[in-house]
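Residue 8 in my numbering sits at position 26 of the sequence shown, and the numbers go up by one each step.
Don't be surprised by glycine CBs; every beta carbon is placed ideally from N, CA and C.
See below for the structure under consideration.
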Amino acid sequence: CSVDISWVCDTVATTGNSGYETTLRINPVDNTPWIAYQDSSAFELIVAEYVGSGGDCDTTEGGSDAWECTRIDTTASTAYYIDMAFREDGTPFIAYSRGTPPNSTNLYIAEYVGSGGSGCASSEWTCSLIDNTAGSGAYAGITFDIDDNPIISHRDEVGQDLEFSRFVGSGGSCLNTSWDCTTIAGT
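The structure is reproduced here in structure tokens:
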């Protein structure tokens, strides 16, 4: 930013080893940037939301008060293969894996719920296991179908398979039966 003054640069976080497995998305409702990333010194999933001023990243993560930082999942060996997407209403979802790559990861999803969440370090989020097949969740990509339900593509590192998981509500084939898991291609 010191070279090109047409850019505005901000240090979002400096605590630990911030900024691994980074994904940046723009909330479609209020046009604000969000960054999901891993603190690789603690292997934790963190999200930073741009708020302009009054945020807590300066006090919690050693960065800027223009950002609000939340440690979503603080389970050991968390936050690999992170991707984030927003529903049409602006609700963020994060697909990620928990475990040690490449053979011990499991596919998870974090959904922002505001309050009353479960399975996460923050009660503003709900974290759920989707697939516990050894090696699942690698290189996750998340988006939404026409009905605004989350769908995730990912790789099973052990089976070397391309997989597709979609939220169906109930009766699915994944360990979490709210999801249907399909192997698209593999060895």
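_Host beta strand (DSSP E) of residue 60 (start-end)_ = The residue you call residue 60 lines up with position 78 of the sequence shown. 60 to 68 is the span of the beta strand (DSSP E), which, as asked, contains residue 60.
*Going straight from the alpha carbon of residue 118 to that of residue 93, what length do you get?*
Walking along the sequence shown from the start, residue 118 turns up at place 136. Walking along the sequence shown from the start, residue 93 turns up at place 111. Approximately 19 Å between the Cα atoms of the pair.
*Output yes or no for whether 8 Å exceeds the beta carbon distance between residue 28 and residue 8.*
Within the sequence shown, residue 28 is the residue found at index 46, counting from 1. Within the sequence shown, residue 8 is the residue found at index 26, counting from 1. Not closer than 8 Å, so no.
*Own chain, CB closer than 7 Å to residue 98, minus 5 neighbours either side, in chain order*: Position 116 of the sequence shown, counting from 1, holds the residue named residue 98. The beta carbon of residue 98 lies closer than 7 Å to those of 105 in the same chain, with the five residues before and after it left out.
*Taking the C-alpha atoms as reference points, what is the distance between residue 102 and residue 62?*
Reading the sequence shown from its first residue, position 120 is the one you call residue 102. Reading the sequence shown from its first residue, position 80 is the one you call residue 62. Between residue 102 and residue 62, the alpha-carbon positions lie close to 16 Å from each other.
*Identify whether residue 102 lies in helix, strand or coil by the three-state DSSP scheme.*
Your numbering for residue 102 matches position 120 in the sequence shown. Three-state result, residue 102: coil.
*If we call anything under 8 Å between Cβ atoms a contact, is residue 147 one with residue 162?*
Locating residue 147 in the sequence shown gives position 165, counting from the first residue. Locating residue 162 in the sequence shown gives position 180, counting from the first residue. Note that the C-beta distance between residue 147 and residue 162 is below 8 Å.
*Could you pull out every residue in the same chain whose Cβ sits closer than 7 Å to the Cβ of residue 132, ignoring the five residues on either side in sequence?*
Locating residue 132 in the sequence shown gives position 150, where the first residue counts as 1. Same-chain partners within the cutoff: 75, 91, 124, 126 and 149.
*Whose CA, out of 128, 135, 129 and 113, lies closest to the CA of residue 154?*
As a first step, residue 154 is located in the sequence shown; it is residue number 172 there, counting from the start. Measuring from the Cα of residue 154, the nearest candidate turns out to be 113.
*Which residue's Cα is closest to the Cα of residue 36: 48, 81 and 52?*
What you label residue 36 is simply residue 54 of the sequence shown in a count that begins at 1. Cα-wise, what sits closest to residue 36 is 48.
*Go to residue 40, then tell me how far its alpha helix (DSSP H) extends in each direction, as first and last residue.*
Position 58 of the sequence shown, counted from the start, is the residue given in the question as residue 40. Its alpha helix (DSSP H) spans residues 39 to 42.
*asked:* Less than 8 Å between CB atoms is the rule here; does residue 61 satisfy it with respect to chain B?
replied: Checking the listed chains, one finds no chain B in this structure; it contains a single protein chain.
*residue 109 bridges to which residues according to DSSP?*
As a first step, residue 109 must be located in the sequence shown, where it is residue number 127. Per DSSP, 92.
*residue 129 versus residue 69: straight-line alpha-carbon distance, rounded*: On the sequence shown, position 147 is the one that residue 129 refers to. On the sequence shown, position 87 is the one that residue 69 refers to. For residue 129 and residue 69, the distance between alpha carbons rounds to 10 Å.
*Leaving aside the five residues before and after residue 107 along the sequence, list all residues of the same chain whose C-beta is less than 7 Å from its C-beta, in chain order.*
Numbered from 1 along the sequence shown, position 125 holds the residue referred to as residue 107. Cβ within range, chain order: 54, 92, 93, 94, 95 and 99.
*Whose CA, out of 11, 56, 120 and 57, lies closest to the CA of residue 72?*
Reading the sequence shown from its first residue, position 90 is the one you call residue 72. Taking only the C-alpha atoms, the option nearest residue 72 is 11.
*Rounded to whole angstroms, how far is the Cβ of residue 89 from the Cβ of residue 122, which I believe are closer than 8 Å?*
On the sequence shown, position 107 is the one that residue 89 refers to. On the sequence shown, position 140 is the one that residue 122 refers to. Rounded, the Cβ-Cβ distance is 7 Å, consistent with contact.
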